[in-house]
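Per our numbering, the very first residue in the sequence shown carries number 16; after that it's consecutive.
Here's the structure, in structure tokens; my notes come after.
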Amino acid sequence: MIVIGVPAEDQDEPRIGLTPETVRKLVKAGAKVKIRAGAGLRSHFADAAYQEAGAEIAGSDKDAVAGADIVLTVRRPSPEIVNNMKSGAAVIGMLDPFSDAEGLAALAKSGVALFAMELMPRISRAQSMDVLSSQSNLAGYKAVVDAAAAFERALPMMMTAAGTVPAARVFVMGVGVAGLQAIATARRLGAIITATDVRPAVKEQVASLGAKFIAVEDEEFKQAETSGGYAKEMSDAYKKKQAELVAEHVKNQDIVITTALIPGRPAPKLISKAMIESMRPGSIIVDLAVERGGNAELAKPGEIVTHNGVRIMGKLNLPGLVPVNASSLYARNLQAFVEPLIDKEKKTLAVNWDDELVKGTLIAKDGAIVNAMIAERLGGAKGAPAPAANGAPKSAPKKRQAKGAKS
Ligand code: NAD
16 MIVIGVPAED
26 QDEPRIGLTP
36 ETVRKLVKAG
46 AKVKIRAGAG
56 LRSHFADAAY
66 QEAGAEIAGS
76 DKDAVAGADI
86 VLTVRRPSPE
96 IVNNMKSGAA
106 VIGMLDPFSD
116 AEGLAALAKS
126 GVALFAMELM
136 PRISRAQSMD
146 VLSSQSNLAG
156 YKAVVDAAAA
166 FERALPMMMT
176 AAGTVPAARV
186 FVMGVGVAGL
196 QAIATARRLG
206 AIITATDVRP
216 AVKEQVASLG
226 AKFIAVEDEE
236 FKQAETSGGY
246 AKEMSDAYKK
256 KQAELVAEHV
266 KNQDIVITTA
276 LIPGRPAPKL
286 ISKAMIESMR
296 PGSIIVDLAV
306 ERGGNAELAK
316 PGEIVTHNGV
326 RIMGKLNLPG
336 LVPVNASSLY
346 ARNLQAFVEP
356 LIDKEKKTLA
366 VNWDDELVKG
376 TLIAKDGAIV
386 NAMIAERLGG
396 AKGAPAPAAN
406 GAPKSAPKKR
416 QAKGAKS
């Protein structure tokens with residue numbers, strides 16, 4: 016019988032990759048599921064609920080993963096966990112594939128197969144497995160809610176007998192999954208919203224959410240989207256025009272949410288120190304790109320920097336601050352990926368190594384790194400073709416946070 020094990024996550028990760036709901040589905044698909052006692056508690060999933068769904072509770076991480084064919088994690092597991100797994104078993108999680116390549120190589124040596132969910136190809140068949148989307152959506156929501164909570168004024172316009180409270184102005188920079196949810200959330204809270212991006216396809220989406228689109232819409236803008244749907248790095252001339260537009264716009268904004276990313280590159284710098292200095296005291300910038308270098312000049316990972324009365328929030332792991340939903344969605348992403356790896360009749364692990372989703376996410380197998388980009392960072396031979404997913408810059412911080420955590 017196929018065994019799925021789930022160890023506890025580290026102190027700083029409240030999410031978990033298994034919920035009672037997904038236990039039921041995996042057990043029905045023929046798996047035996049073991050989860051470390053208390054591992055779901057920070058997402059409010061009690062051991063009793065896992066047991067009721069058909070899981071076994073393990074007394075230690077070692078017990079949870081020993082003998083397992085598949086180990087499900089949120090973050091990259093420790094070497095101790097991997098060393099307690101049987102050779103040839105699979106680890107499936109958000110393994111932060113483009114940072115600390117040496118650490119990955121060390122895990123690979125144990126002989127386990129490593130699958131990085133961040134590298135899931137963004138094709139329609141894999142939509143239910145898209146962890147970047149499921150987690151970024153929550154990050155976009157949480158960014159706005161956090162900004163609203165810290166903002167010392169109201170967001171909606173209020174007409175009262177004592178006078179009118181003006182609506183706050185929210186500017187969303189980068190309208191991918193996180194940005195779209197940030198717009199929707201700010202709109203529900205009654206703010207006046209503007210948004211910008213370099214991809215023309217976004218213009219209509221922004222309008223449909225009731226926000227105003229502003230951008231430098233020149234010839235380069237018309238070509239800025241790659242075939243994969245991502246943004247290209249813009250030319251210096253475009254950046255200059257964009258900076259002029261943003262400088263003029265940002266000084267009248269109360270809250271700025273930045274989410275702009277370019278695959279495999281550091282986050283584009285969109286808000287300079289001078290722009291921050293032009294904003295009114297009390298304004299807030301939430302920089303969701305902070306883990307990839309940040310879109311705002313003064314942003315620091317994990318910190319709230321105050322400059323001239325403007326707060327620049329660089330919170331990490333925003334999906335982890337909504338852990339109940341983040342875990343539920345992430346666990347469904349994992350279950351959708353794992354179920355086809357199980358031979359339901361024989362109840363064994365039956366990975367189709369030629370499948371596009373398996374090839375896209377597999378980064379190590381049989382003791383070696385097989386992902387070309389990681390192999391290149393290690394200075395070694397090339398393995399599999401480079402994935403067409405978001406890659407982090409070489410300078411990315413070693414400690415991973417969820418995208419949107421997006422990487
Ligand atoms: P992302 O996290 O890579 O980037 C966030 C946004 O920043 C993007 O919209 C990007 O265009 C924008 N950006 C980059 N450079 C910028 C700059 N200099 N100025 C302003 N904005 C800039 O994006 P994402 O959320 O991962 O979405 C990327 C694409 O993937 C989108 O086209 C989205 O619709 C698509 N997508 C597809 C699927 C699927 O098919 N399964 C799922 C989710 C998203």
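The beta-carbon is built from N, C-alpha and C at its ideal position, and this holds for glycine as well.
**OP:** Out of Ile198, Val146 and Gln238, state which residue places its alpha-carbon closest to the alpha-carbon of threonine 88.
**Re:** As a first step, residue 88 must be located in the sequence shown, where it is residue number 73. For the residues Ile198, Val146 and Gln238, the minimum Cα distance to threonine 88 belongs to Val146.
Original post:
Counting pairs of beta carbons, one from the segment 123-132 and one from the segment 231-241, are three or more of them closer than 8 Å?
Top reply: no
**OP:** Have a look at serine 114 and glycine 178 and give me their C-alpha separation to the nearest angstrom.
**Re:** Against the sequence shown, residue 114 aligns to sequence position 99. Against the sequence shown, residue 178 aligns to sequence position 163. Approximately 53 Å, taken between the alpha carbons.
Original post:
Taking all protein chains shown into account, do 16 or more other C-beta atoms lie within 10 angstroms of the C-beta of arginine 295, making it buried, or fewer, making it exposed?
Top reply: As a first step, residue 295 must be located in the sequence shown, where it is residue number 280. Arginine 295 should be labelled exposed.
Subject >> Reduced DSSP category for glutamate 318 - H, G, I as helix; E, B as strand; rest coil >> reply: Looking up residue 318 in the sequence shown gives position 303. The three-state secondary structure of glutamate 318, taken from DSSP, is coil.
Original post:
How long is the line joining the alpha carbons of methionine 173 and alanine 183, rounded to whole angstroms?
Top reply: Locating residue 173 in the sequence shown gives position 158, where the first residue counts as 1. Locating residue 183 in the sequence shown gives position 168, where the first residue counts as 1. Answer to the nearest angstrom: the Cα atoms are 11 Å apart.
**OP:** Verify whether the separation of the beta carbon atoms of alanine 351 and isoleucine 357 is less than 8 Å.
**Re:** Sequence index remark: in the sequence shown, residue 351 carries index 336 (1-based). Sequence index remark: in the sequence shown, residue 357 carries index 342 (1-based). It is not a contact, given that the beta carbons lie outside the stated cut-off.
Original post:
From leucine 33 to asparagine 267, what distance separates their C-alpha atoms?
Top reply: Here residue 33 refers to the residue found at position 18 of the sequence shown. Here residue 267 refers to the residue found at position 252 of the sequence shown. In a straight line, the C-alpha of leucine 33 is about 44 Å away from that of asparagine 267.
**OP:** Run the proximity test for alanine 246: is its beta-carbon closer than 7 Å to any non-hydrogen atom belonging to the ligand FAD?
**Re:** Absence of the ligand FAD from the depicted structure is noted, with the ligand NAD being the only ligands included.
**OP:** Give the range of the alpha helix (DSSP H) segment to which isoleucine 291 is assigned.
**Re:** By 1-based counting over the sequence shown, the position of residue 291 is 276. Run containing isoleucine 291: 288-293, per the alpha helix (DSSP H) assignment.
**OP:** Report the rounded CA-to-CA distance for asparagine 367 versus valine 373, giving the unit in angstroms.
**Re:** Walking along the sequence shown from the start, residue 367 turns up at place 352. Walking along the sequence shown from the start, residue 373 turns up at place 358. Whole-angstrom Cα-Cα distance: 7 Å.
Original post:
Opposite lysine 359 in the DSSP bridges: which residues?
Top reply: Working through the sequence shown from its first residue, we reach residue 359 at position 344. Lysine 359 is not bridged to any residue.
Original post:
So is glutamine 150 buried or exposed if we call it buried at 16+ other beta carbons inside 10 Å?
Top reply: On the sequence shown, position 135 is the one that residue 150 refers to. Buried, by the Cβ-count rule.
**OP:** With 8 Å as the threshold, decide whether the Cβ of glycine 155 is near any Cβ in chain C.
**Re:** Absence of chain C from the displayed structure is noted, only one protein chain being present.
Subject >> Test item: CB-CB of glutamate 240 and lysine 284 under 8 Å >> reply: Sequence index remark: in the sequence shown, residue 240 carries index 225 (1-based). Sequence index remark: in the sequence shown, residue 284 carries index 269 (1-based). Not closer than 8 Å, so no.
Original post:
Skipping 5 residues on each side, what residues in its chain have a beta carbon closer than 7 Å to that of alanine 275?
Top reply: Indexing the sequence shown from 1 puts residue 275 at position 260. For alanine 275, where only same-chain residues beyond five positions count, the Cβ hits under 7 Å are Met188, Gly189, Ala282, Pro283, Leu285, Ala304 and Asn310.
Subject >> Selected residue, minimal CA-CA separation from arginine 90, among Gly279, Ser342 and Ala52 >> reply: As a first step, residue 90 must be located in the sequence shown, where it is residue number 75. Nearest of Gly279, Ser342 and Ala52 to arginine 90, Cα basis: Ser342.
Original post:
When we look at the beta-carbon of threonine 175 and count the other beta-carbons within 10 Å, is it buried (16 or more) or exposed?
Top reply: Residue numbering aside, residue 175 sits at position 160 when the sequence shown is read from its first letter. Exposed.
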